[in-house]
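See structure below.
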Amino acid sequence: MVPSACVVTGASSGIGRQAALHLAERGVALALGGRSLERLEETASLCRSKGAACAIVAGDVCDENVMKGLADEARRLGKGGKVGAVLSAGVARFGDTETYSRQDWDETLSANLTALFVAAQALIPVFRAQGGGRALAVLSIASQVAFPQSAAYVASKFGALGLVKSLAAEYRREGIEWIAFLPGSTWTELWERMDSPLERERMLSAEDVGRAIADAVLHPGAGFLDEVVYLPKEGIL
Ligand SMILES: NC(=O)c1ccc[n+]([C@@H]2O[C@H](COP(=O)([O-])OP(=O)(O)OC[C@H]3O[C@@H](n4cnc5c(N)ncnc54)[C@H](OP(=O)(O)O)[C@@H]3O)[C@@H](O)[C@H]2O)c1
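At the far end of the sequence shown sits residue 307, using my numbering, and the numbering has no gaps.
Take a look at the structure:
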């Protein structure tokens with residue numbers, strides 16, 4: 071079910087922002103989520119310059135009212151067309167497990183896993199009311215492969231893949247498609263914040279990943295996409 075309006079979480083930065091821009095270019099109206107109002111306004115203004123209608127709901131992605139607000143705005147902007155979703159909000163904080171802080175563990179699990187449960191509860195009634203729907207969760211190659219100094223991230227992303235596959239199994243009979251999108255290393259601010267030896271040139275660009283996400287969300291076929299893995303040329307870095 072091709073959407074004419076989409077919720078996009080994580081729209082204030084990186085992959086979520088680029089996905090929003092590619093959807094805007096293809097005429098999709100957007101309900102943009104993230105915590106930074108200023109950066110959401112930047113994304114909205116870029117999307118409006120491409121002709122897309124936009125609304126912003128700033129707040130924590132684990133807050134039920136924020137997710138419901140985003141779903142309501144997408145429905146309003148869609149003007150009777152179908153609503154979809156790109157769920158890109160997430161955090162990555164790396165470090166040795168024995169000294170990793172409990173706060174970083176809790177915040178990683180909340181943003182990367184619990185937020186998808188909250189999103190599902192807000193979106194499923196909207197999808198059901200319109201006779202089906204399509205949501206894409208931005209997971210990671212770390213949903214399939216473990217890396218050192220990454221226990222919280224890997225645990226959250228493995229869990230998120232389990233959740234998205236459970237949602238796909240539970241709701242496909244109602245015409246609701248849950249796409250697990252697993253990018254490899256992608257140059258965004260997430261990497262700028264870390265002291266990593268990985269070179270930017272070897273990574274995917276956020277623009278390419280955003281385009282691939284828009285392609286998946288807008289695919290015209292009647293079949294359901296399930297798990298989409300999108301890697302840099304060299305593979306897993
Ligand atoms: N970059 C990579 O190599 C890579 C690879 C595979 C998968 N991914 C996944 O791609 C997604 C986006 O990552 P990115 O690389 O684009 O990182 P980014 O540039 O740091 O963007 C992260 C986004 O998530 C939002 N966010 C984080 N915690 C939030 C919260 N509690 N409530 C609301 N919004 C929250 C941020 O918004 P605010 O700052 O405004 O709160 C921001 O828009 C993540 O799920 C990440 O795990 C990234």
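Ideal placement from N, C-alpha and C gives every residue a C-beta, glycine not left out.
Boundaries of the alpha helix (DSSP H) in which residue i is found, first to last residue
i: Tyr-223; result: 221-241
i: Pro-195; result: 185-199
i: Gly-148; result: 134-148
i: Ile-283; result: 276-287
i: Ala-114; result: 107-118
i: Glu-95; result: 84-95
i: Leu-260; result: 259-262
When the options are compared against residue i, the one with the closest alpha-carbon
i: Ala-128; options: Arg-270, Ile-283 and Ala-159; result: Ala-159
i: Ser-266; options: Lys-303, Leu-301 and Ser-220; result: Ser-220
i: Val-58; options: Ala-181, Pro-195 and Ser-74; result: Since the first residue of the chain shown is 71 and the last is 307, residue 58 is not available in this structure.
i: Ala-123; options: Glu-111, Ser-236, Gly-245 and Val-161; result: Glu-111
i: Thr-79; options: Leu-231, Lys-120 and Gly-139; result: Gly-139
i: Asp-133; options: Ala-189, Gly-148 and Phe-228; result: Ala-189
Limits of the unbroken beta strand (DSSP E) element including residue i
i: Glu-271; result: Premise fails: Glu-271 is in no beta strand (DSSP E) and is neither H nor E.
i: Leu-206; result: 203-208
i: Thr-178; result: Unbroken run through Thr-178 is the alpha helix (DSSP H), 172-179; no beta strand (DSSP E).
i: Glu-297; result: 297-300
i: Phe-217; result: Phe-217 -> no beta strand (DSSP E), and no H or E assigned at all.
i: Thr-169; result: Where Thr-169 is concerned, there is no enclosing beta strand (DSSP E), given that its DSSP letter is neither H nor E.
i: Val-78; result: 75-79
i: Ile-211; result: From DSSP, Ile-211 is part of no beta strand (DSSP E); its letter is neither H nor E.
i: Ala-122; result: That residue, Ala-122, is in no beta strand (DSSP E); it is neither H nor E in DSSP.
Supposed contact pair residue j and residue i - C-beta distance, whole angstroms, cut 8 Å
i: Arg-163; j: Thr-178; result: 6 Å
i: Ala-89; j: Lys-120; result: Going by Cβ atoms, the distance from Ala-89 to Lys-120 rounds to 13 Å, so no, they are not a contact pair.
i: Leu-193; j: Ala-230; result: Rounded, the Cβ-Cβ distance is 15 Å, inconsistent with contact.
i: Leu-91; j: Cys-117; result: 6 Å
Quiz item: Within the chosen definition, does the region 128-144 reach the region 95-107 through at least 3 CB pairs nearer than 8 Å?
Solution: yes
Quiz item: Do three or more CB pairs link the region 240-256 to the region 199-210 at distances below 8 Å?
Solution: Verdict: yes, contact present.
Practice problem: Indicate whether the contact test is met: 3 or more Cβ pairs, each with one atom in the region 155-171 and one in the region 267-276, closer than 8 Å. | Solution: With a cut-off of 8 Å, the region 267-276 and the region 155-171 do not count as touching, because too few Cβ pairs lie within range.
Practice problem: Check whether the region 193-203 touches the region 252-260, counting contact only when three or more Cβ pairs, one atom from each stretch, lie closer than 8 Å. | Solution: Result no; under three Cβ-Cβ pairs closer than 8 Å.
Quiz item: Taking three-plus beta-carbon pairs below 8 Å as touching, is the region 275-283 in contact with the region 228-237?
Solution: no
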